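S.K.:
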Amino acid sequence: MTDGRIVRGEVVRGRVGGFSPWEEEFGYSRAVAAGDHVHVAGSTAWVDGRIEHEGDPYRQTLAAFGVGLTALAAYGLTADDVVRTRMYITHVRDAEEVGRAHRELFDAARPAATMVVVEGLIDSRMLVEVEIDAHRAGLAKTLEGKQP
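With my numbering, the residue at position 103 of the sequence shown is 197, and numbering never jumps.
Below is the structure:
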């Protein structure tokens with residue numbers, strides 16, 4: 095597409111979008127490529143118009159990272175390309191379960207990681223929000239010609 099619209103999971107002008115209603119409302123993309131780097135915006139367990147796994151921080155973390163990894167896949171990247179993660183949790187008691195989910199997904203890649211406790215997220219049923227940064231040497235060259 096050349097009109098700048100964002101379609102779920104499709105790279106348009108170096109951006110991927112369409113995973114949550116807030117992207118359009120607040121004016122952001124799910125993921126943006128910048129050279130050989132891809133930055134994925136905060137992702138939660140908001141999937142297909144609803145919050146998955148209410149009350150379960152472990153499964154919400156897996157779902158949130160799933161949203162982010164799906165965005166990375168639009169660029170041909172995987173968990174092995176992840177170099178940094180950030181996890182925002184609403185209760186310190188959930189740290190172990192969130193960390194367990196992170197380890198299961200990223201143990202082989204071992205990205206730099208941050209976990210912080212925040213007062214709340216945009217919906218009180220959300221227990222965790224995650225961000226992902228990925229890198230692959232030569233990615234920019236691979237994407238040449240695929241962006242309008």
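Cβ coordinates follow ideal geometry from the N, Cα and C atoms, glycine included.
Please read all numbers here as calculations on a predicted model, not as lab measurements.
List the whole-angstrom C-beta distance separating A128 from V110, where the pair is believed to meet the contact cut-off of C-beta under 8 Å.
M.R.: Not quite, the Cβ-Cβ distance comes to about 13 Å (not below 8 Å), so this is no contact.
S.K.: Does DSSP put Y169 in a helix, in a strand, or in coil?
M.R.: It is coil, neither helix nor strand.
S.K.: Helix, strand or coil for R194? Go by DSSP, reduced to three states.
M.R.: The answer is helix: DSSP assigns R194 an H, G or I state.
S.K.: Specify whether the segment 183-199 and the segment 220-235 touch according to this definition: at least 3 beta carbon pairs, one from each stretch, less than 8 Å apart.
M.R.: In short, these stretches touch, since the Cβ pair count reaches three.
S.K.: Compute the beta-carbon to beta-carbon distance between R204 and E148, rounded to the nearest angstrom, for a pair I have assumed lies under 8 Å.
M.R.: Going by Cβ atoms, the distance from R204 to E148 rounds to 30 Å, so no, they are not a contact pair.
S.K.: Could you check where the alpha helix (DSSP H) with E117 kicks off and where it finishes?
M.R.: First-last of the alpha helix (DSSP H) with E117: P115 to F120.
S.K.: From the DSSP output, read off the bridge partner residues of V161.
M.R.: Note: V161 sits in no beta bridge, so no partner.
S.K.: Compare the beta carbon distance of V132 and A165 with 9 Å and say whether it is the shorter of the two.
M.R.: Yes, the pair counts as a contact, with Cβ atoms nearer than the cut-off.
S.K.: Between which two residues does the beta strand (DSSP E) carrying A125 extend?
M.R.: Its beta strand (DSSP E) spans residues A125 to A128.
S.K.: Quick one: grab the DSSP three-state call for T184.
M.R.: Note: T184 maps to coil in three-state DSSP.
S.K.: Checking 9 Å against the spacing of the C-beta atoms, do T155 and A173 come in under that value?
M.R.: Contact flag unset, no.
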